[in-house]
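Enquirer:
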Amino acid sequence: RTKNPTIFKTTMSHFDLANTDFMEWSPSDLAKYLEKKGVDKTNTALFVDSGLDGKTAATINEGHLKEMGISKIGDRLSILKILETLKKASDQKSFTKLIWKGKEQLYVSTCNKLTSTCFGCCPDDPDEYTLQANSLEIKTIKKYRIGPCVMCCCAPSYNMDNIDMSIVTDVDVKGIPPSCCQKCCCGVTVEHLTIQTNDKQNTKSLVLKGGLGQEVAKKIRTQVEFMQRMERN
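The opening residue of the sequence shown carries number 13 in this note's numbering; numbering runs sequentially from there.
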């Protein structure tokens, strides 16, 4: 709940709902928001009396307002229009919710890492993966180094590739176990997760440690279904 009146006043003055944790608003906070949007104090007091807070605001309909005692149709319609902004902000928060973060599995064994990086003298930078409710971000980073030391004077270059979950058509996982020699050097299974979209030429791949690829594939499929439901609604 918002306890600092100064912070509450600032966020309310800008109505920056995308960056405001309105889900934690108390009934009094919600009433203050409605007042600032022009709702009569008599009606906002009914929200406090009914115990309606930020968590329930996005679910309120005209029947609820009528039951609370807001008799005028014009008042109910005005309040519903204001609450619609909270519903949209709630949806936006759902879209940008962080589901999973991870990094590319570059090596299958300790020996593979040592030989690939000249025994650590030339390290590689793994891709970074961020799965949100509505998208998957693949960030490829290249740090500038002198040997193993990162050059502080040179910012790393990077490329960010975003995949919209609503256009994903298929997610496949292929596991590649370590060879017998690699097993002797603590080799691990590597899973290649392939994501296909409506654009068949735009296939993306993630490389993850064995077991994690299957787990992430399930998360992606869940988010694809979520986005498809949102589009249908």
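Built from N, CA and C at the ideal position, the CB exists for glycine as well.
Give the straight-line distance between the Cα atoms of glycine 225 and histidine 204, rounded to the nearest whole angstrom.
Expert: Taking the straight line from one Cα to the other gives about 7 Å.
Enquirer: Check for me: the alpha helix (DSSP H) holding glutamate 237 runs from which residue to which?
Expert: Segment 224 to 244, the alpha helix (DSSP H) holding glutamate 237.
Enquirer: Who are the Cβ neighbours of arginine 233 in its own chain at under 7 Å, not counting the five residues just before and after it?
Expert: The residues are Val183.
Enquirer: Tell me the rounded alpha-carbon separation between isoleucine 179 and glycine 222.
Expert: Cα to Cα, the separation comes out at about 26 Å.
Enquirer: Is cysteine 248 helix, strand or coil by DSSP?
Expert: Here the chain covers residues 13 to 245 and nothing more, so residue 248 does not appear.
Enquirer: So, is the C-beta of phenylalanine 131 closer than 8 Å to a C-beta in chain C?
Expert: No chain C appears in this structure, which consists of one protein chain only.
Enquirer: May I have the straight-line CA-CA distance separating proline 138 from isoleucine 153, to the nearest angstrom?
Expert: Taking the straight line joining both Cα atoms gives about 7 Å.
Enquirer: So what does DSSP say about threonine 32, is it helix, strand or coil?
Expert: Three-state result, threonine 32: coil.
Enquirer: So, helix, strand or coil for serine 191, using DSSP?
Expert: Serine 191: coil per DSSP, three-state reduction.
Enquirer: Which two residues bound the contiguous beta strand (DSSP E) that contains tyrosine 141?
Expert: Here the beta strand (DSSP E) through tyrosine 141 covers 140 to 144.
Enquirer: Taking only three categories from DSSP, how would you classify glutamate 149?
Expert: Strand, per DSSP.
Enquirer: Can you check DSSP and say which residues form a bridge with arginine 157?
Expert: Val162.
Enquirer: Hey, out of Asp52, Leu92, Thr206 and Pro39, whose CA is closest to valine 185's CA?
Expert: Of the candidates Asp52, Leu92, Thr206 and Pro39, the one whose C-alpha sits nearest the C-alpha of valine 185 is Thr206.
Enquirer: Report yes if the CB atom of isoleucine 175 is closer than 8 Å to the CB atom of threonine 142, and no otherwise.
Expert: Cβ distance not < 8 Å, so isoleucine 175 and threonine 142 don't count as in contact.
Enquirer: Which same chain residues end up closer than 8 Å to methionine 177 when comparing Cβ atoms and leaving out the 5 residues on each side of it in sequence?
Expert: Answer for methionine 177: Ala145, Asn146, Ser147, Leu148, Ile232, Gln235, Val236, Phe238 and Met239, listed in chain order.
Enquirer: Distance check for isoleucine 111 and serine 128, CA to CA, integer angstroms please.
Expert: Those two C-alpha atoms are separated by around 32 Å.
Enquirer: Could you spell out where the alpha helix (DSSP H) holding glutamine 104 opens and where it closes?
Expert: Glutamine 104 -> alpha helix (DSSP H) spans 85 to 107.
Enquirer: Isoleucine 94 and lysine 53 - do their beta-carbons sit closer together than 8 Å?
Expert: Their beta carbons are not under 8 Å apart, which means lysine 53 does not touch isoleucine 94 by this criterion.
Enquirer: Can you tell me whether glycine 75 is buried or exposed, with buried defined as 16 or more other CB within 10 angstroms of its CB?
Expert: With fewer than 16 Cβ atoms within 10 Å of its Cβ, glycine 75 is classed as exposed.
Enquirer: I'd like the list of long-range same chain contacts for threonine 181, defined as Cβ closer than 7 Å, with 5 residues on each side in sequence excluded.
Expert: These residues qualify, in order along the chain: Gln208, Thr209 and Asn210.
Enquirer: So cysteine 197 packs on cysteine 130, CB below 8 Å; how close in whole Å?
Expert: Contact flag wrong, Cβ pair sits at about 17 Å.
Enquirer: Need the endpoints of the alpha helix (DSSP H) that leucine 77 sits in, please.
Expert: Here the alpha helix (DSSP H) through leucine 77 covers 74 to 80.
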